Amino acid sequence: MKFPMNLLETLRSNLPTRITRVTKVLAWATLVSNIGIILTGGAVRLTASGLGCPEWPRCTPDSWVSTQEMGLHGAIEFGNRLLTYVLVLICALMFFALLRLRGSHRPLFRMSVLILAGIPLQAVIGGITVWTNLNPWIVGLHFLLSAALVMISTMLLNRIRLELKSAREHDDLAAPAGASGVPLRQVGSDAVAAAMTPVILGATWVSVFLGTVVTGTGPHAGDPGSPRHLFDPDLVTRMHVVPVYVLCFAAIALLVRQSRTATSPAQRRCAWWLLAVILAQGVIGYTQHFTGLPVILVGLHMLGSALLVVSATAVFESYRARYVTRGLGGSAPLAKSPQGQTASSS
């Protein structure tokens, strides 16, 4: 047992002790891959390949992989399962990049743990989805967990980018490990504009949830024999639009308020990106509704949902986040936030 312990210690000693550009690349990869798995999962459903592998965790009772007899649907579903391992690898690398920083950068490390732990949970929910013949409620839960992982990945990326940016802006002999105590929330934020951000984030999540209900009522079940919600399609679509209108009004109110008060360039960029995503989603949503839900537009709408979560999270954090930088190195001291809290705030 001595050799394995020495090997583990060697591996641990070679893990990063600083946040670097590689850390940011891994954070980007974590976010992109979690968005990507939403798209590939959507492709499985939109090609009616949801039961291409009719068993889980095996593909069939006798095989772990798809067979030639299962055809294209089996290959698509099994391919999506294989992509999960790529996601695991990326998120595991993110976890290990922050492992030795867990003392000084505890919020970042916790986020990496949540993301990594969410993947096997997703796999289990995926298995339940197969066992329940693609029950639309379970399929919706599958999507919502992916959206939650996208939100956490966005928060992680925002914090790592801030650490690197603050280090560049304060690169001097007094702060060799990078600046600490720089808040993610923009200083001097307008109170009225800040009040809009919880509305934006809340309306985003309500619209995403109701979007899964609309999808579960629609024709793209993932398999011809899978159950559907028995709701009236027009009714659930109108319900889905209500939080979207709230989101639109809140985003416009935020932009109007920003035009009349002093705000940072970062806050303005986040708000404009949010409005752009909302408008694109609206155009795609109405077009797909009136053209019979073509699969390409449905897939783009799913991508838009993920980008909406990213944009709403970025807006919320620019006004509400409590995180302050710790510096790039693991030995950097904890700083005090402007409110007097320690840097352990998330």
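So in this note's numbering, spot 216 of the sequence shown is number 211, and the numbers just go up one at a time.
Glycine included, C-beta positions come from ideal geometry on N, C-alpha and C.
Keep in mind it's a predicted model, so treat the numbers as computed, not measured.
Item: Per the DSSP calculation, S58 is bridged to which residue(s)?; Value: T55
Item: Using alpha carbons as the reference points, say which of Y240, P260 and Q262 lies closest to Q276.; Value: Y240
Item: Between I71 and the ligand GTP, is the CB less than 7 Å from at least one heavy atom?; Value: Absence of the ligand GTP is noted for the structure shown, with no ligands found whatsoever.
Item: Express the C-alpha separation of A143 and S259 in angstroms, rounding to a whole number.; Value: 27 Å
Item: My understanding is that H215 touches R40, with C-beta atoms under 8 Å, so please give their C-beta distance in whole angstroms.; Value: 6 Å
Item: For the pair the region 17 to 32 and the region 147 to 157, tell me if three or more CB-CB distances fall below 8 Å.; Value: yes
Item: How many Å lie between Q63 and V304 at the Cα?; Value: 39 Å
Item: Suppose you measure from the CA of L67 to the CA of G37; what does that come to, to the nearest Å?; Value: 16 Å
Item: As an exercise, report each continuous alpha helix (DSSP H) stretch of at least 4 residues that is fully enclosed by the region 95 to 160, in chain order.; Value: 101 to 126
Item: Roughly how many angstroms separate the alpha carbons of L46 and G121, rounded to a whole number?; Value: 11 Å
Item: Could you tell me how far apart the beta carbons of R315 and T192 are, in whole angstroms, since I believe they sit closer than 8 Å?; Value: 6 Å
Item: Do you know offhand how far L88's Cα is from F138's?; Value: 24 Å
Item: With three or more beta-carbon pairs closer than 8 Å as the criterion, would you say the region 126 to 138 touches the region 202 to 217?; Value: yes
Item: Applying the 10 Å Cβ sphere with the 16-neighbour rule, what's the burial state of G176?; Value: buried
Item: DSSP three-state label for G31, please.; Value: helix
Item: Based on the DSSP output, what are the partners of P178 in its beta bridges?; Value: V319
Item: Name the residue from G217, H235, G220 and A190 whose alpha carbon lies nearest to the alpha carbon of S202.; Value: H235
Item: With three or more beta-carbon pairs closer than 8 Å as the criterion, would you say the region 89 to 104 touches the region 304 to 313?; Value: no
Item: Can you tell me the Cα-Cα spacing of R53 and G324, whole angstroms?; Value: 44 Å
Item: Would P222 and N128 qualify as a contact pair, given that the criterion is a beta-carbon distance under 8 Å?; Value: yes
Item: Could you tell me how far apart the beta carbons of C48 and G74 are, in whole angstroms, since I believe they sit closer than 8 Å?; Value: At roughly 10 Å, the Cβ-Cβ gap does not stay under 8 Å, so C48 and G74 are not in contact.
Item: Using only CA atoms, which one of L157, A248, P238 and E164 lies nearest to Q181?; Value: L157
Item: Quick check on DSSP: helix, strand or coil for G324?; Value: strand
Item: Do you know whose CA, among A271, R163 and I71, lies nearest A246's CA?; Value: A271
Item: Can you tell me whether N153 is buried or exposed, with buried defined as 16 or more other CB within 10 angstroms of its CB?; Value: buried
Item: Taking the alpha carbon of A118 as the reference point, which residue from E50, T18, R105 and K160 has its own alpha carbon closest?; Value: E50
Item: Tell me where the alpha helix (DSSP H) around L225 begins and ends.; Value: No alpha helix (DSSP H) contains L225, which DSSP labels as neither H nor E.
Item: How would you label V229, buried or exposed, when you count the other beta carbons within 10 angstroms and need 16 or more for buried?; Value: According to the sequence shown, residue 229 is Asp rather than Val. Exposed.
Item: Any idea which residues DSSP pairs R13 with across the strands?; Value: G324
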